[in-house]
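A short write-up of the structure that comes next.
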Amino acid sequence: MRSDDTIFAPASGYGRAAICVIRISGPGSRFILETIAGGVPAPRRLVLRTLIAPEDREPLDQALVAWMPGPDSFTGEDQVELHIHGGLATRAAVLKALGSLPDCRPAEAGEFTRRAFLNGRMDLSRVEGLADLIEAETEAQRRQALSQLEGRLGEAAERWREEILQALALLEASLDFSDEGDVPEDLEREVVRRLEALRESLSRVLANAGGERLREGLSVVLAGPPNAGKSTLLNALAKRDVAIVSPIAGTTRDVIEVHCDLNGLPVVIVDTAGLRESPDMIEQEGVARARARAGKADLVLWLIPPEGTGETPPEARRLLRVGTKSDLDQAGSNRIRHDCDLTVSAATGEGMAELLGRLGQEADAALGAGDALLTRERHRRALERAQASVRTALDLLERHGPVELTAEEVRLAARAFGEITGRVDVEEVLDRLFSSFCIGK
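The numbers in the working numbering rise by one with no breaks, and the one at position 307 of the sequence shown is 1349.
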C-alpha cells in the first residue's frame, strides 16, 4: 500500500442504482479531473460535466463532479467525487478509465479512512465510531456510534492524557529541575491529587460495560428439552421462518442465531439443541454446544412444556423460566404454571407481549441507553492498563518510592491513553514541562 498513489473506489452500493458515487483521493486528483472532466470547478461545488475516456476521448457519461482540495477534505488530501449514473456498464467504464491513468489504482478496503487517520483528520476512536455507524442495525447502536464518531471517547482520552502529562511534568521537574524556584514546594501532593482524581474517573468509566455489549447485542439463548417449543418461539420472535419446526425430537442439532431489533436495542436470539441424553454422536455435540452457549449468554430462556421437564437447567448468568405451548395446557392457558416466570403460546401469540416486555427490560438493564464511553474491548484494555499504572504510581508515592519508577508508571499510563486515539508521542512531555515551568534556557 503506497500513500503517494492516487486511489479511487465506488462509495455507494453495488448493483443497479440511479446514482453511483466514485471517490478519488491523492496527489493526482487534480490531473484526473482535468483529464476526464475537462477542467477543475470551484472547490466544494457540484457542477455538471461530460466525462471523457482518456485513451480515445469518447464520452463516458454526464456526471456531477466535485473538487475538494486538501487539507480540507475527508482524507486530508486533494479529493474528487464523481456522481455518475448508476448503470453497471457506466460504472465499469468510468472505473476502467480511472485505472488507465498513471499512478492511479483501486483503493484497498478502508484506505480512504486510513488516509484520514494518517493525515490527522480523524483519531482512532473516531475511525472506530465510523465503522460502527456503518454497521449499526438498531437505533441505540446508531446513537452510540455517532457519539464515537463525533469524538466523545477521543476527547475524554485526550483530557485524561492531558492530566497525566501534567503529573508527569511535575515528576520530571522534581528529578531534573528541583533547584528551580518555580517548582512548587507541594509538588508531591499535587501529583497525588491529580492521580487520585484520575483513578476515580477511570473507575467510573470502567464500571459501565454497556457500550461493548451494545455493539454486539444482548445474547439470549433458548434452552430446554427436545420439543419444548424452542424453534417455534424463535420463529415467532424473529417474525419469519428461520428454524425447522418438527414434532420429531432432536430436529435442531446446531446453533441458530437471529439478530433482532427490540425497541431500538440489539438482541441476538439463539436456538439450541434440546438438552437430553442421547446415543447419537451428532446430537451429543449439539447438546454440548447448547450448554456452552447458555453459559456465555446474557440471558437464558429455559423453556418448559406443559408436561414439564426432568432436565436440569444449564449454568447461566441469568435465567428466566418460560412455560410454552400454553394453548395445549389442559389445566388452562390463562394461568402461570407454578414452576414458570411466565407462560406463552408461540402458535396463538398468547403471552408473547409479556415475554417481549421482559426481554426489553433485560436488554435495557444490560445495555443501557447508549451512554457508555467504552465501546470496544481495545478501549477497555487500554484504560485498565492506565488504571493499573496510576494505582502503582500512587502506591509508590505513598511509600516514598523512587521518583524514577513513579514517573515510568505515569509514562505508561499516558501511553495507554494515547493508544485509544492512536496518538503516542512522549516528546510532548518536554513541551509541556518547559511551558508549565518556564524552565527553557
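Backbone N, C-alpha and C define an ideal beta-carbon position, used for all residues, glycine too.
Rounded straight-line distance, which links the Cα of residue j to that of residue i
i, j, result
"Ala1149", "Phe1050", "5 Å"
"Thr1385", "Gln1121", "59 Å"
"Val1082", "His1127", "20 Å"
"Glu1197", "Ala1215", "27 Å"
"Thr1354", "Trp1202", "49 Å"
"Gly1374", "Ile1311", "Note that Gly1374 scores a pLDDT of 49, beneath 50, so its modelled location is shaky and nothing firm can be said."
"Asn1376", "Ala1151", "Low per-residue confidence applies at Asn1376: pLDDT is 46, beneath 50, and the placement is therefore not dependable, though the value from the model is reported in the following sentence. When rounded, the distance between both Cα atoms is 55 Å."
"Trp1109", "Ser1067", "10 Å"
"Ser1431", "Ala1455", "6 Å"
"Thr1132", "Ala1059", "11 Å"
"Gly1487", "Gln1183", "Outside the displayed range of the chain (1043 to 1483) lies residue 1487, so it cannot be described from this structure."
"Gly1223", "Ser1167", "Because Gly1223 sits at a pLDDT of 47, beneath the cut-off of 50, its placement in the model cannot be relied upon, and the following sentence gives the value as read from the coordinates. In a straight line, the C-alpha of Gly1223 is about 41 Å away from that of Ser1167."
"Gly1129", "Pro1096", "20 Å"
"Thr1092", "Leu1106", "9 Å"
"Glu1230", "Gln1190", "35 Å"
"Leu1264", "Glu1450", "50 Å"
"Arg1474", "Gly1460", "Since pLDDT at Arg1474 reaches only 42, below the 50 mark, its modelled position is unreliable, and the value read off the structure follows with that caveat. About 16 Å."
"Asp1047", "Met1164", "20 Å"
"Gly1112", "Thr1434", "45 Å"
"Gly1118", "Ala1458", "26 Å"
"Ala1053", "Gly1350", "55 Å"
"Ser1368", "Leu1160", "60 Å"
"Tyr1056", "Arg1400", "40 Å"
"Leu1212", "Val1445", "11 Å"
"Cys1062", "Gly1271", "47 Å"
"Ala1134", "Leu1256", "39 Å"
"Ile1074", "Leu1140", "8 Å"
"Val1452", "Ile1206", "7 Å"
"Cys1146", "Phe1154", "14 Å"
"Asp1437", "Val1247", "21 Å"
"Arg1072", "Ala1084", "12 Å"
"Gln1429", "Gly1443", "19 Å"
"Asp1381", "Asp1313", "22 Å"
"Arg1465", "Asp1114", "21 Å"
"Ile1064", "Glu1299", "35 Å"
"Gln1186", "Arg1422", "16 Å"
"Ser1176", "Lys1281", "In the sequence under discussion, the amino acid at residue 1176 is Ile, which differs from the Ser named in the question. Answer to the nearest angstrom: the Cα atoms are 25 Å apart."
"Leu1210", "Glu1242", "18 Å"
"Leu1188", "Ala1173", "10 Å"
Opposing strand residues paired with residue i [DSSP bridges]
i, result
"Cys1062", "Ile1126"
"Leu1362", "Leu1343"
"Gln1121", "Ser1067, Met1110"
"Thr1132", "Its beta-bridge partners do not exist; DSSP assigns none."
"Cys1302", "Val1309"
"Ala1105", "Arg1091"
"His1384", "This sequence places Leu at residue 1384; His is not what is there. Leu1384 pairs with Val1364."
"Ala1051", "Arg1065"
"Pro1085", "Trp1109"
Option in the options with minimal Cα separation from residue i
i, options, result
"Ala1249", "Asp1413, Lys1281, Thr1048", "Asp1413"
"Gly1494", "Thr1180, Val1247, Leu1240", "The structure shown has nothing for residue 1494, since the chain only spans 1043 to 1483."
"Leu1397", "Leu1276, Leu1124, Ser1167, Leu1213", "Leu1276"
"Pro1101", "Ala1332, Thr1077, Gly1328", "Thr1077"
"Glu1440", "Leu1279, Lys1338, Glu1349, Glu1238", "Glu1238"
"Leu1090", "Leu1124, Gly1464, Gly1118, Ser1071", "Leu1124"
"Ala1407", "Leu1244, Pro1308, Gln1104, Ala1173", "Pro1308"
"Ser1387", "Arg1400, Gln1403, Gly1402, Thr1366", "Thr1366"
"Gly1080", "Glu1204, Gln1429, Gln1104", "Gln1104"
"Val1342", "Val1364, Arg1185, Met1323, Ala1395", "Val1364"
"His1301", "Gly1259, Arg1420, Arg1453", "Gly1259"
"Gln1403", "Leu1188, Leu1362, Ala1428", "Leu1362"
"Ala1158", "Arg1360, Gln1186, Glu1204, Phe1116", "Phe1116"
"Pro1347", "Ala1280, Arg1420, Pro1268", "Pro1268"
"Gln1208", "Ala1187, Arg1420, Asp1303, Val1234", "Val1234"
"Ala1405", "Pro1069, Ala1278, Leu1210, Asp1303", "Asp1303"
"Pro1144", "Ile1324, Asp1383, Pro1069", "Pro1069"
"Val1136", "Arg1099, Ala1278, Asp1383", "Arg1099"
"Arg1420", "Glu1254, Leu1345, Arg1360", "Glu1254"
"Leu1279", "Glu1232, Gly1393, Arg1087, Met1323", "Gly1393"
Presumed contact (8 Å Cβ cut-off) between residue i and residue j, rounded CB distance
i, j, result
"Ala1315", "Ala1336", "Rounded, the Cβ-Cβ distance is 11 Å, inconsistent with contact."
"Leu1415", "Leu1195", "6 Å"
"Ser1245", "Ala1339", "Ser1245 to Ala1339, Cβ: 27 Å. No contact."
"Arg1331", "Val1297", "6 Å"
"Gly1266", "Leu1317", "7 Å"
"Arg1418", "Glu1192", "About 16 Å separates the two Cβ atoms, so there is no contact after all."
"Ala1199", "Thr1448", "Not a contact, Cβ separation roughly 22 Å."
"Thr1274", "Ala1389", "7 Å"
heavy atom of the ligand MG below 7 Å from residue i C-beta
i, result
"Gly1402", "Looking at this structure, you won't find the ligand MG or any other ligand, since it has none at all."
* Those runs of the alpha helix (DSSP H) which lie wholly inside the region 1238-1285 and span at least 4 residues -> The region 1238-1285 contains these whole alpha helix (DSSP H) runs: 1252-1258, 1272-1280.
* What are the uninterrupted segments assigned as alpha helix (DSSP H) that are 4 or more residues long and contained completely in the region 1145-1224, given in chain order? -> List check, alpha helix (DSSP H) in window: 1153-1160, 1166-1177, 1181-1191, 1194-1218.
* Asked: Can you give, in chain order, each stretch of the alpha helix (DSSP H) that sits fully within the region 1400-1441 and has at least 4 residues?
  -> The region 1400-1441 contains these whole alpha helix (DSSP H) runs: 1419-1440.
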